[in-house]
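Enquirer:
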Ligand code: F6P
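Okay, here's the thing in structure tokens:
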């Protein structure tokens, strides 16, 4: 038997529920099943640049499954981003520290930006494995990333709560959800929460059509409406989605309108049961890839199964909601307004 493998784990980009479950999944499987040594790296790639690390024993990984956030800390450090002349060569420093720390593999838990950096480091000769996490569900190549299911539950509950207050006051309620440049969270939470209008970046919207649709609901004696908008929709002058849409509705319908921006509540707190399981599967699969020295891969979930694809396939891409997604078709068949083709199927 050769010397035990030594792996480093880092978490980068925006946090989300389930990261600690993934750290535990990789770390425990690596230690218990494969006899490896595990090093935790602080604050994403910044920790690898500044060599801020800590050994992680099996005991250190106990009791973290249900914890939100990340025990390692995170940052949005992008080491390959070009800075001015004279700035430190971060990729070079990372390679040096990887070698000094005697790492056999680096596990990068993060979203699209992190997976791109992971690929760049693997192109530089490091052994790297990526694990996708994000509430946005926009990591290319995987049907689901952990974090999404937990955020979906929080966003759905928030929309549920808007129904009662909207009904009491006969108002239109606009709620803005996260999702970066994609509409996965808004589409799913909008459908789960009974949104009447759902606006996502992947589908263009027409203010007149939205207002007509809301007026039509009022004519049909529907006392209130819920409008769920993604933060990434296009707005004039880059105004925030909630601000613009609420103003556009009040001006166009003269109905009393209120807005809510759910914000970071969507990213905080304990992971859902599904996210705990997905993160554990991802982590344990990552450890198996390392044991087989099958590097340069990102773990994915496709058709309910855990597997992996080359990081090269993922890097620099975003997973958008397809315009013919089954949930979009279902929304249309329920006469939910998606911004343009609000046709009043049952006038
Ligand atoms: O990618 C996760 C996410 O929460 C997005 O939904 C949001 O646009 C962004 O991060 C917010 O970033 P920050 O944490 O840098 O404010």
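In our numbering, the protein residues as written are 2 to 348. Even for Gly, the Cβ is constructed at its ideal location relative to N, Cα and C.
Which residues mark the beginning and the end of the alpha helix (DSSP H) in which residue 218 is found?
Expert: Your numbering for residue 218 matches position 217 in the chain shown. Counting along the chain, the alpha helix (DSSP H) containing residue 218 begins and ends at 208-220.
Enquirer: Excluding the 5 residues preceding and the 5 following residue 6 in the sequence, name in chain order all residues of the same chain whose CB lies nearer than 6 angstroms to its CB.
Expert: Within the chain shown, residue 6 is the residue found at index 5, counting from 1. Closer than 6 angstroms at the Cβ level, and outside the excluded window around residue 6, lie 37, 105.
Enquirer: Skipping 5 residues on each side, what residues in its chain have a beta carbon closer than 7 angstroms to that of residue 348?
Expert: By one-based count along the chain shown, residue 348 stands at place 347. Because the pLDDT of residue 348 is 42, which lies under 50, any placement of that residue in the model is unreliable, and the number read from its coordinates should be weighed accordingly. The answer is none, since no qualifying residue turns up.
Enquirer: Quick check: the segment 236-249 against the segment 170-189, are at least 3 beta-carbon pairs closer than 8 angstroms?
Expert: With the cut-off at 8 angstroms, the segment 170-189 and the segment 236-249 touch.
Enquirer: Scan the segment 74-161 and note each continuous beta strand (DSSP E) run of 3 residues or more that stays entirely inside, going in chain order.
Expert: Segments of the beta strand (DSSP E) lying fully in the segment 74-161: 106-111, 129-135.
Enquirer: Does residue 257 come out as helix, strand or coil in the three-state DSSP assignment?
Expert: The count along the chain shown starts at 1 and reaches residue 257 at position 256. Reduced to three states, the DSSP call for residue 257 is coil.
Enquirer: Which of the three DSSP states is assigned to residue 1 in this structure?
Expert: What the structure shows of the chain is the stretch from 2 to 348, and residue 1 is not part of that stretch, so it cannot be assessed.
Enquirer: Where residue 172 and residue 260 are concerned, what is the direct C-alpha to C-alpha distance, given to the nearest angstrom?
Expert: Residue mapping note: residue 172 aligns to position 171 of the chain shown, counting from 1. Residue mapping note: residue 260 aligns to position 259 of the chain shown, counting from 1. One C-alpha to the other measures close to 10 angstroms.
Enquirer: How about residue 276 and residue 150: do their beta carbons lie closer than 8 angstroms?
Expert: The residue you call residue 276 lines up with position 275 of the chain shown. The residue you call residue 150 lines up with position 149 of the chain shown. Yes, these two residues count as a Cβ contact at 8 angstroms.
Enquirer: Could you check what DSSP says for residue 173 in three-state terms: helix, strand or coil?
Expert: Translated into positions along the chain shown, residue 173 becomes position 172. Looking at residue 173 - three-state DSSP - the assignment turns out to be strand.
Enquirer: Just to be sure I understand the criterion: a residue counts if its Cβ is closer than 5 angstroms to at least one heavy atom of the ligand F6P. Which residues meet that?
Expert: Going by the Cβ distance cut-off, the answer is 15, 137, 179, 181.
Enquirer: Would you give the residue range spanned by the alpha helix (DSSP H) that residue 20 belongs to?
Expert: Mapped onto the chain shown, residue 20 falls at position 19. Unbroken alpha helix (DSSP H) run through residue 20: 20-29.
Enquirer: Are there any heavy atoms of the ligand NAD lying less than 7 angstroms away from the beta-carbon of residue 321, as far as the coordinates show?
Expert: The ligand content of the structure shown is limited to the ligand F6P, which means the ligand NAD is not among them.
Enquirer: Is the beta carbon of residue 109 less than 8 angstroms from the beta carbon of residue 268?
Expert: Locating residue 109 in the chain shown gives position 108, counting from the first residue. Locating residue 268 in the chain shown gives position 267, counting from the first residue. Cβ atoms of residue 109 and residue 268: not closer than 8 angstroms.
Enquirer: In this structure, does DSSP put residue 72 in helix, strand or coil?
Expert: Here residue 72 corresponds to residue number 71 of the chain shown, with the count starting at 1. Residue 72: coil per DSSP, three-state reduction.
Enquirer: Tell whether a beta-carbon distance below 8 angstroms holds between residue 141 and residue 300.
Expert: As a first step, residue 141 must be located in the chain shown, where it is residue number 140. As a first step, residue 300 must be located in the chain shown, where it is residue number 299. No, the Cβ-Cβ distance between residue 141 and residue 300 is not below 8 angstroms.
Enquirer: In or out: residue 78 buried (at least 16 other Cβ within 10 Å) or exposed?
Expert: Position 77 of the chain shown, counted from the first residue, corresponds to residue 78. Result: buried.
Enquirer: On the three-pair Cβ rule with 8 angstroms, is the segment 130-137 touching the segment 215-222?
Expert: Touching, no, given that fewer than three Cβ pairs across the two stretches are closer than 8 angstroms.
Enquirer: In its own chain, which residues sit with a C-beta less than 7 angstroms from the C-beta of residue 308, not counting the 5 before and 5 after it?
Expert: Here residue 308 corresponds to residue number 307 of the chain shown, with the count starting at 1. Around residue 308: 301.
Enquirer: Rounding to the nearest angstrom, what Cα-Cα distance links residue 346 and residue 270 in this structure?
Expert: Counting from 1 along the chain shown, the entry for residue 346 is found at position 345. Counting from 1 along the chain shown, the entry for residue 270 is found at position 269. Only weak support is given to the placement of residue 346: the predicted model assigns it a pLDDT of 46, under 50, and the value that follows is read from those uncertain coordinates. Using only the alpha carbons, I get a separation of about 40 angstroms.
Enquirer: What's the call for residue 192, buried or exposed, on a 16-neighbour Cβ count within 10 Å?
Expert: Taking the chain shown and counting its residues from 1, the one referred to as residue 192 is at position 191. The residue is buried, with at least 16 neighbouring Cβ atoms inside 10 Å.
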